[in-house]
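Worksheet: the structure to be examined is printed underneath.
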Amino acid sequence: MCMDIIGHWLDLINIDGWIPREQILGAEALSKVPDEFVLQHPSNGNPPTLFLALRELASGINTSSFSSEETKKISAFLERAYIRLNAWFQWFNTIQSGKHKGTFYWHGRDNTTRRELNPKTLTSGLDDYPRASHPNDEERHVDLRCWMLLASDCMHSIAEHLNMKSDLEKDYNLMSKQLSNFEVLNQMHLDDTSGAYYDFGNHTEKVRLRWYEVRSNEMMKRELLRETLEKPQLQLVPHVGYVSLFPFMMGIIPPESWILEKQLDLISNRSILWTDYGLRSLSKTSSLYMKRNTEHDPPYWRGPIWMNMNYMILSALNHYAQEDGPYKARAGELYQELRSNLIRNVVRNYYESGFLWENYDQKNKGKGKGARPFTGWTSLVVLMMAEAYPSLHR
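Next up, the structure:
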């Protein structure tokens, strides 16, 4: 089933290697999608999450986790899919690349709008999560860097399994090594003081939404627009949240590094990310914590608890709890406590409402909110119960 689903998505690829974000099939589905999200632009990407499943298929073969019959089927599938996967990867590597070699940023942010407190990054999947206040091509997004590491590492594993001794296989191996270079990652994204990983870009914290009197069609009306009180400058974007934890989620941080201890501190701090219901998406210390992005856009990835990110963080805690190092025991303790909090809250909400929810309200005792029923990534709670996690070894 996994290969069938991935295969159908790969069949949507266009000549440039772009795969659309979603398929809106039929009038009923169309009625549920806001007009501005119907048209999908081939210059905009979305997180290549299919590589999470593909990595499990490839690593499962390498660790002999499948039967001989399953291994044959998976190998045949990977061989058929390889051309499309390569085209998809090359599209990302070209279209989403940054100004400097080895850097990446989510393209498609609006650098002209005054209607948003922080221009949304819809392509990242984390719509209103705070990024640089003034988008330009100097941006470096730490989450996309980590996705590209996952993708290049996975492509190298597939090419190696298929015995493709080519320049392409060498390129994937080289890129994987470059993106997993811990020193370079820290030079580009680490704040030495907090031990947190941040985006980089043209940014100022001195922005706010305020009401203006605006003339429109010979009439005056009030509009809520952004006011910038300080000239932005190139710097790390100081917002701790899910994006900050991507190097941790991907297992890039060595188990003996002091930076790992800092990640555990950020995760366990109740003033930052920890709640009794799961990890909130944005730190309470952030200037944009629970702030509206426009008059009509309430906070979305600025505080609420999301199961997909919590699952990846839980997976990383489980990984580090099994790695020899000074923080092994603490990672294990946090893993057990976070897992219990997440499962308990989702199950409690299910019994109370009859639904799995899109996200959970950290300010209202973990109450479900957003779309429901939402069995997409919230159903990851089943994998949490089974303690089934992807391998972070490379």
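Quick note on the numbering used here: the sequence shown kicks off at 129 and runs consecutively.
Every residue gets a Cβ at the ideal spot worked out from N, C-alpha and C, and that includes glycine.
{"Check": "C-beta atoms of Gly-431 and Lys-495 nearer than 9 Å", "Outcome": "no"}
{"Check": "Lys-419, buried or exposed, once every other Cβ within 10 Å from all chains shown has been counted against 16", "Outcome": "buried"}
{"Check": "Minimum length 3: unbroken beta strand (DSSP E) runs contained in the region 318 to 381", "Outcome": "327 to 331, 335 to 344, 347 to 356 and 361 to 365"}
{"Check": "Cα-Cα separation, Arg-343 to Ile-223", "Outcome": "39 Å"}
{"Check": "At least three beta-carbon pairs within less than 8 Å, the region 471 to 484 to the region 410 to 418", "Outcome": "no"}
{"Check": "C-alpha distance - Thr-177 paired with Leu-272, whole-angstrom precision", "Outcome": "11 Å"}
{"Check": "Beta-carbon proximity of Gly-460 to Ala-444, cut-off 9 Å", "Outcome": "no"}
{"Check": "Proximity of Leu-278 and Leu-180 at Cβ, strictly below 9 Å", "Outcome": "yes"}
{"Check": "Buried or exposed by the 16-neighbour rule on C-beta atoms within 10 Å, applied to Val-509", "Outcome": "buried"}
{"Check": "C-alpha distance - Leu-185 paired with Pro-518, whole-angstrom precision", "Outcome": "10 Å"}
{"Check": "Buried or exposed by the 16-neighbour rule on C-beta atoms within 10 Å, applied to Ser-171", "Outcome": "exposed"}
{"Check": "Cβ neighbour criterion (16 or more within 10 Å) applied to Gln-361", "Outcome": "exposed"}
{"Check": "Pair within 9 Å by beta-carbon distance, Ser-261 and Asn-345", "Outcome": "no"}
{"Check": "Gly-188 (DSSP reduced to helix, strand or coil)", "Outcome": "helix"}
{"Check": "Check: Leu-442 C-beta below 8 Å from any heavy atom of the ligand GTP", "Outcome": "You won't find the ligand GTP in this model; it holds no ligand whatsoever."}
{"Check": "Pair within 9 Å by beta-carbon distance, Gly-236 and His-169", "Outcome": "yes"}
{"Check": "Same chain only: Cβ atoms within 7 Å of Gly-498, ignoring 5 sequence neighbours per side", "Outcome": "Trp-485, Glu-486 and Asn-487"}
{"Check": "Distance between beta carbons of Leu-352 and His-289, contact taken as under 8 Å", "Outcome": "The Cβ separation is near 54 Å, so there is no contact."}
{"Check": "Segment contact, 8 Å Cβ cut-off, at least three pairs: the region 327 to 341 with the region 362 to 370", "Outcome": "yes"}
{"Check": "Test item: CB-CB of Gly-453 and Leu-388 under 9 Å", "Outcome": "yes"}
{"Check": "Asp-489 in three-state terms, based on DSSP", "Outcome": "strand"}
{"Check": "Same chain only: Cβ atoms within 8 Å of Phe-310, ignoring 5 sequence neighbours per side", "Outcome": "Ile-380, Ile-381, Pro-382 and Ser-385"}
{"Check": "N- and C-terminal bounds of the beta strand (DSSP E) containing Gly-496", "Outcome": "495 to 497"}
{"Check": "Beta-bridge partners of Phe-502, as assigned by DSSP", "Outcome": "DSSP, once it has assigned bridges, lists no residue as partnering Phe-502."}
{"Check": "Cβ pair Asn-436, Tyr-463 closer than 9 Å", "Outcome": "no"}
{"Check": "Contact set for Trp-429: own chain, Cβ-Cβ below 8 Å, skip 5 residues either direction", "Outcome": "Leu-254, Asp-255, Asp-256, Tyr-257, Gly-369, Tyr-370, Ser-409 and Leu-410"}
{"Check": "Reduced DSSP secondary structure (H/G/I, E/B, other) of Met-232", "Outcome": "Looking at the sequence provided, one finds Phe at residue 232 rather than Met. Phe-232 falls in the strand class under three-state DSSP."}
{"Check": "Arg-110 versus Asn-174 - alpha carbon distance", "Outcome": "With the chain covering 129 to 522 only, the question about residue 110 has no answer from this structure."}
{"Check": "Member of Pro-501, Val-474 and Asn-421 whose CA lies at the smallest distance from the CA of Arg-242", "Outcome": "Asn-421"}
{"Check": "Limits of the alpha helix (DSSP H) - the one that Met-292 falls within", "Outcome": "Segment: none, Met-292 is in no alpha helix (DSSP H) and carries neither H nor E."}
{"Check": "For Phe-217 and Glu-266, the rounded distance between their alpha carbons", "Outcome": "22 Å"}
{"Check": "Buried or exposed (CB count within 10 angstroms, at least 16 for buried), Val-475", "Outcome": "exposed"}
{"Check": "Contact under 9 Å by Cβ, Arg-259 with Trp-234", "Outcome": "yes"}
{"Check": "CA-to-CA distance, Met-283 to Glu-297, given in whole angstroms", "Outcome": "8 Å"}
{"Check": "Assigned secondary structure, Gly-145 (DSSP; H/G/I helix, E/B strand, else coil)", "Outcome": "coil"}
{"Check": "Beta-carbon proximity list for Ser-399, same chain, < 7 Å, skipping 5 on both sides", "Outcome": "Lys-412 and Thr-413"}
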